[in-house]
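Worksheet: the structure to be examined is printed underneath.
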Amino acid sequence: MYSQLLPLAVLFLGAGAQSYGFWFQPAATITTLNVTMVIPSIPASSGIHYIWPGLQPDSDLIVFQDVGGDEDGSGAWTFAEWEVDSNGTIRHKTNDIDVKMKVLGTGVNVCPAVYPGDSIAISFDLDTATGTWLDEWAITPGSTGKGAGEVFSITDVIVPESRAAAYGNLTEALFIIETYGGTWDFGHLVFNDITIVAETTETDWCKS
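Here the sequence shown is numbered in my numbering, starting from 226 and rising by one per residue.
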């Protein structure tokens with residue numbers, strides 16, 4: 226399945242903040258989300274920009290997401306796994322570093338750099354026997370990344386049942402652009418090869 230992000234919905238997240246995206250809501254527990262995100266051009270505007278796929282429960286109390294962002298102010302994209310709760314508190318883990326940040330956009334630079342043209346194959350998989358989530362991503366460098374010395378890499382993060390279960394089953398798959406004081410000025414964001422598996426026999430949610 227090929228999909229290109231369009232401004233199908235606009236959500237206001239706070240002063241100077243906007244979100245553009247689309248999502249799938251099977252009204253059932255999602256057990257797998259696979260997608261390849263292609264890193265777009267570097268934003269020209271100031272402010273903060275985030276691009277990501279992710280999962281959240283009906284309550285919207287938490288979102289598990291794999292995020293490309295330019296929050297460190299370097300004029301480049303970085304990438305990390307995030308968990309964001311309804312208070313805007315972020316927990317993210319990458320490079321074996323587990324960090325608690327107060328609010329969106331606090332600028333903790335522990336995330337690996339990614340480059341326009343990189344393909345990031347992302348996989349969220351639920352172990353239904355244990356309730357544990359495995360979040361894995363594989364970065365295949367594009368020409369810009371190769372020129373910067375980037376090499377193919379795979380990272381795994383485990384979200385234990387004790388943390389995920391506190392917020393309920395993950396029933397919504399999201400594909401989002403967020404801007405904070407910036408604009409969507411980096412061209413198309415492309416998601417390829419989207420696969421969503423949910424515990425339901427209904428099919429309307431994946432046809433429209």
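All residues carry an ideal CB built from backbone N, CA and C; glycine is no exception.
Whether residue i touches residue j by CB criterion (9 Å)
{"i": "Tyr405", "j": "Pro282", "result": "no"}
{"i": "Gln243", "j": "Glu403", "result": "yes"}
{"i": "Ala423", "j": "Thr256", "result": "yes"}
{"i": "Tyr245", "j": "Trp430", "result": "no"}
{"i": "Phe247", "j": "Ile421", "result": "no"}
{"i": "Thr280", "j": "Leu395", "result": "Note on identity: in this sequence residue 280 is Leu, with Thr being the wrong assignment. Contact flag set, yes."}
Nonlocal neighbours in the same chain, by C-beta distance under 8 Å from residue i, ignoring five residues either side
{"i": "Thr261", "result": "Ser344, Ile345, Ala346, Ile347, Phe416, Asn417 and Asp418"}
{"i": "Thr319", "result": "In this predicted model, Thr319 has a pLDDT of only 47, less than 50, meaning its place in the structure is not dependable enough to derive any value."}
Rounded distance between the beta-carbons of residue j and residue i, thought under 8 Å
{"i": "Leu351", "j": "Trp358", "result": "6 Å"}
{"i": "Phe349", "j": "Leu258", "result": "4 Å"}
{"i": "Pro278", "j": "Phe400", "result": "5 Å"}
{"i": "Gly294", "j": "Ile267", "result": "Gly294 to Ile267, Cβ: 12 Å. No contact."}
{"i": "Gly370", "j": "Gly342", "result": "7 Å"}
{"i": "Thr425", "j": "Pro251", "result": "5 Å"}
Exposure label - residue i; buried when at least 16 CB within 10 Å
{"i": "Ile364", "result": "buried"}
{"i": "Ala389", "result": "buried"}
Contacts around residue i, its chain only, beta-carbon distance under 7 Å, and the 5 residues preceding and following it disregarded
{"i": "Thr355", "result": "Glu386"}
{"i": "Ala301", "result": "Ile267, Asp295 and Ala338"}
{"i": "Gly412", "result": "Pro265 and Ser266"}
{"i": "Asn312", "result": "none"}
Close-in-space but distant-in-sequence residues of the same chain around residue i (CB under 6 Å, 5 per side omitted)
{"i": "Thr380", "result": "Trp362"}
{"i": "Ser270", "result": "Gly407, Thr408 and Asp410"}
{"i": "Pro366", "result": "Asp343 and Glu375"}
{"i": "Ile276", "result": "Gly293, Ile402 and Leu414"}
Exercise. Could you tell me which uninterrupted beta strand (DSSP E) segments, each at least 3 residues in length, are contained entirely in the segment 368 to 395, listed from first to last along the chain?
Key: 378 to 384
Practice problem: Just list the beta strand (DSSP E) runs in the segment 278 to 304, keeping only unbroken ones of 3 residues or longer that don't cross its boundaries, in chain order. | Solution: 287 to 294
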